[in-house]
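Just so we're aligned: the sequence shown equals residues 123 to 491 in our numbering.
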Amino acid sequence: MAIKIFHTADIHIGMRFNSYPDAVKELLKDARVESIERMVKIANREGCDLFVIAGDLFDKTTGIDKKTQTVVAKHLSRFEGSCVAILPGNHDYHTEMVDLWKSFLSLVDEKVLFLGDEKPYSLQEFGLNATIYPAGCHSKHSDQNNLGWIREEDIDSGLVNIGVGHGALAGISPDLDNQYFNMSIEELESIPVDVWLMGHTHISYPENDKVNNWKVYNPGTPEPDGLDCSHNGNGWVINVHEKDDIQASRITTGKYKFKDEEFYLESIEDYRKIEEFFKEYKDNTIARIRLKGTLDEDAYKHRLQVIKNLEEQIIYLVLEDSDLKIRINSDKIKKEFTQGSFPEQMLIYLQDDEEALQLAYEIISEVRK
Ligand SMILES: [Mn+2]
123 MAIKIFHTAD IHIGMRFNSY PDAVKELLKD ARVESIERMV KIANREGCDL FVIAGDLFDK
183 TTGIDKKTQT VVAKHLSRFE GSCVAILPGN HDYHTEMVDL WKSFLSLVDE KVLFLGDEKP
243 YSLQEFGLNA TIYPAGCHSK HSDQNNLGWI REEDIDSGLV NIGVGHGALA GISPDLDNQY
303 FNMSIEELES IPVDVWLMGH THISYPENDK VNNWKVYNPG TPEPDGLDCS HNGNGWVINV
363 HEKDDIQASR ITTGKYKFKD EEFYLESIED YRKIEEFFKE YKDNTIARIR LKGTLDEDAY
423 KHRLQVIKNL EEQIIYLVLE DSDLKIRINS DKIKKEFTQG SFPEQMLIYL QDDEEALQLA
483 YEIISEVRK
C-alpha cells in the first residue's frame, strides 16, 4: 500500500525575466531547469515512488526550444522511482492544437505519464496500487474548475487515490475575476480521494513544514521567480503509509533568493542596518532596496560606497533612493544662496522646523531648475 510521493508544480520553464540584465536573465532562466535536476535528486534520496508535477512545468505553450525540452526530459529520466506524472497547467495547457506536449512527450521515457484527459489513470502498470484523478487545464483561463467529472466517479477505496489539480485555491491565491479554475479547499476535501496535489498558487500550503493526515497540498514554485517571492522555493514529500496514515514534509528546493527591502536612514551609522541585513546573503541573491529618510550631505553621498559594496557581494541590486533626502542646515543654506536673498532669509527663518525647512528647500530648488 505504501507510496512515497515528491510533489512539485509551477516550475515555469521558459520564463523570460526581461527586466534583468542579460547575464542575470540567463542565470534565472537556467535555474528553473536546474530545479528539476535538484528535485529529482532529492526525490531519489528520499526514495520516492512517484514524482508529480501539478501543472505549469512550462511557462508557455510556444517558444520552448527543443534543446530545453531535451534537458528537462533527461533530468526527469534520472528519477529512480516508478512513475513521473505530469499535469498540464494553465500556462502549459493541453489541447490538440498545442504542439508543446506532442514534442515534449516524444522525448521522455516510459516512466512519464501525461495526465492530459479527464479520466482515472491507474498506476498499476507502474507497480503502484494507486489511481490518479487529474483536474488539469485545457486553456489559459476558465471560470470553471475541472473537478466535476471526478465527483461523478466511483472511487475504489481499496487503492490509494491521488487527486492532482491546477487552479487558484480560494482564500489562498488571489483570483479576483474568477478566471483561474478557482476551487475551494472545502470542495477538494469533499471529494473522496486520499490526497490532493495542487499547483498554481506560488506559495506553499499548508503553512506547517510537517503535517500528518493532511489532504490538500500546494508546493508553490520550487525556484523563486521575482522580487515578490519571499520564500526559498519548496516541494512536498508525502509518505502515504496507509490511507489513514499520511505524513508530509516541506523541502526547500530553490537556488536564488529575492529580497525586497526598505531602509530608513537618519544618520551615517544607519547604513549598518543594510550591511547587517545582507550579511547572510552572498552570491545567490537578487535585491531591491528602497532608501528613505534624511541624511547630512556627507552621509547622503556615502550611500554610493555602500551600494557599490553590496553590488559586489550579491548578484544584482536595484536601488531606489528618490525618497532619501539631504538634510538642510545653515551651512548648506549659506553655501547655496546669496546672503540676504529672499530664499536665504526664508530658509534661515524656518531653521528650527525641520519638516517645513525641508519642504521649503525642495520647493525653492524646484523653482530654480
Ligand atoms: Mn498556473
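Just so you know, even glycine gets a beta-carbon here, dropped at the ideal spot from N, CA and C.
Rounded Cβ spacing between residue i and residue j (contact assumed at less than 8 Å)
i	j	result
LEU250	LEU319	Actually they do not touch by this definition, with Cβ atoms about 14 Å apart.
ALA290	THR323	7 Å
TYR386	LYS414	5 Å
PHE399	LEU349	In fact, because the Cβ distance is near 15 Å, the residues do not count as touching under 8 Å.
ILE360	ILE127	4 Å
ILE158	LEU209	That belief does not hold up - the Cβ atoms of ILE158 and LEU209 are roughly 15 Å apart, past 8 Å.
LEU417	ARG372	About 42 Å; that fails the 8 Å criterion.
ILE429	LEU446	About 11 Å; that fails the 8 Å criterion.
TYR255	GLU274	So it is not a contact: roughly 11 Å between Cβ atoms.
ILE284	TYR327	Wrong, their Cβ atoms sit about 17 Å apart, outside the cutoff.
ALA195	PHE236	About 12 Å; that fails the 8 Å criterion.
GLN473	LEU481	Actually they are not in contact, since the Cβ atoms of GLN473 and LEU481 sit about 13 Å apart, beyond 8 Å.
HIS288	GLY321	5 Å
ARG138	THR375	That belief does not hold up - the Cβ atoms of ARG138 and THR375 are roughly 21 Å apart, past 8 Å.
ILE390	HIS424	6 Å
Residues bridged to residue i (per DSSP)
i	result
ASN334	GLN369
ARG425	None, per the DSSP bridge assignment.
LEU381	Correcting the residue type first, residue 381 is Lys in the shown sequence and not Leu. Beta-bridge pairing links LYS381 to ALA409.
PHE236	ILE208
PRO256	VAL286
ILE175	THR130, ILE208
PHE180	ILE135
LYS430	Bridge partners of LYS430: none, in fact.
LYS414	TYR386, ASP445
LEU291	MET305
THR374	ASN356
Coil, strand or helix - residue i by DSSP
i	result
ASP221	helix
ILE436	coil
HIS216	coil
MET444	Correcting the residue type first, residue 444 is Ser in the shown sequence and not Met. SER444: strand per DSSP, three-state reduction.
GLU168	coil
SER129	Inspection of the sequence shows that residue 129 is occupied by His rather than by Ser. DSSP places HIS129 in strand when its eight states are reduced to three.
TYR142	coil
TYR243	strand
THR323	coil
LYS395	helix
LEU162	Looking at the sequence itself, residue 162 is Val, so the reference to Leu does not match. VAL162 falls in the helix class under three-state DSSP.
ILE307	helix
GLU156	helix
ASN340	strand
GLU364	strand
LEU269	coil
LYS147	helix
TYR403	coil
SER487	helix
LYS262	coil
THR190	helix
LEU479	helix
LEU387	strand
LEU198	helix
Residue from the options whose Cα sits closest to the Cα of residue i
i	options	result
ASP316	VAL282, GLU402, ALA153	VAL282
ASN166	GLY185, PHE201, GLY136	PHE201
GLU384	ASP443, PHE226, THR375	ASP443
ASP231	GLU218, LYS241, HIS260, VAL193	VAL193
VAL286	ILE272, ILE294, PRO296	ILE272
ALA228	LYS337, GLN191, GLN427	The question names Ala, but residue 228 is Ser in the sequence shown. The residue with the shortest Cα to Cα distance from SER228 is GLN191.
SER141	GLY376, GLU329, TYR438	TYR438
TYR393	ASN354, ARG410, ALA370, TYR422	TYR422
GLU466	ARG138, GLU364, ILE486, ARG410	ILE486
ALA252	LYS491, ILE411, GLU364	GLU364
CYS259	SER244, ILE277, PHE248, GLU240	GLU240
PRO314	ASN334, SER199, ARG412, SER279	SER279
TRP358	LYS337, CYS351, ASP299	LYS337
ILE411	GLU458, ASN300, LYS404, LEU432	LEU432
ALA207	ASP187, LEU150, ALA409, PHE248	PHE248
LYS224	CYS205, LYS188, SER204	LYS188
LEU198	GLU397, GLU156, ALA292	GLU156
GLY355	ALA145, ALA153, GLY136	ALA153
GLY203	ILE164, LEU222, ASP331	ILE164
Below-8 Å beta-carbon distance, residue i vs any chain B residue
i	result
LEU298	Absent here is chain B; the protein component of the structure consists of one chain.
Decide yes or no for the touch test of the stretch 301-313 against the stretch 263-277: beta carbon pairs closer than 8 Å, at least 3 of them. yes
Is it the case that the stretch 330-345 contacts the stretch 124-141, given that we only count it when at least three CB pairs across the two stretches are under 8 Å? yes
Touch check for the stretch 176-184 and the stretch 203-219: three-plus C-beta pairs under 8 Å? Taking 8 Å as the limit for Cβ pairs, the verdict is that the stretch 203-219 does touch the stretch 176-184.
How do the stretch 216-229 and the stretch 181-189 stand: do at least 3 beta-carbon pairs fall below 8 Å, yes or no? Pairwise C-beta distances place the stretch 216-229 in contact with the stretch 181-189, as three or more of them are shorter than 8 Å.
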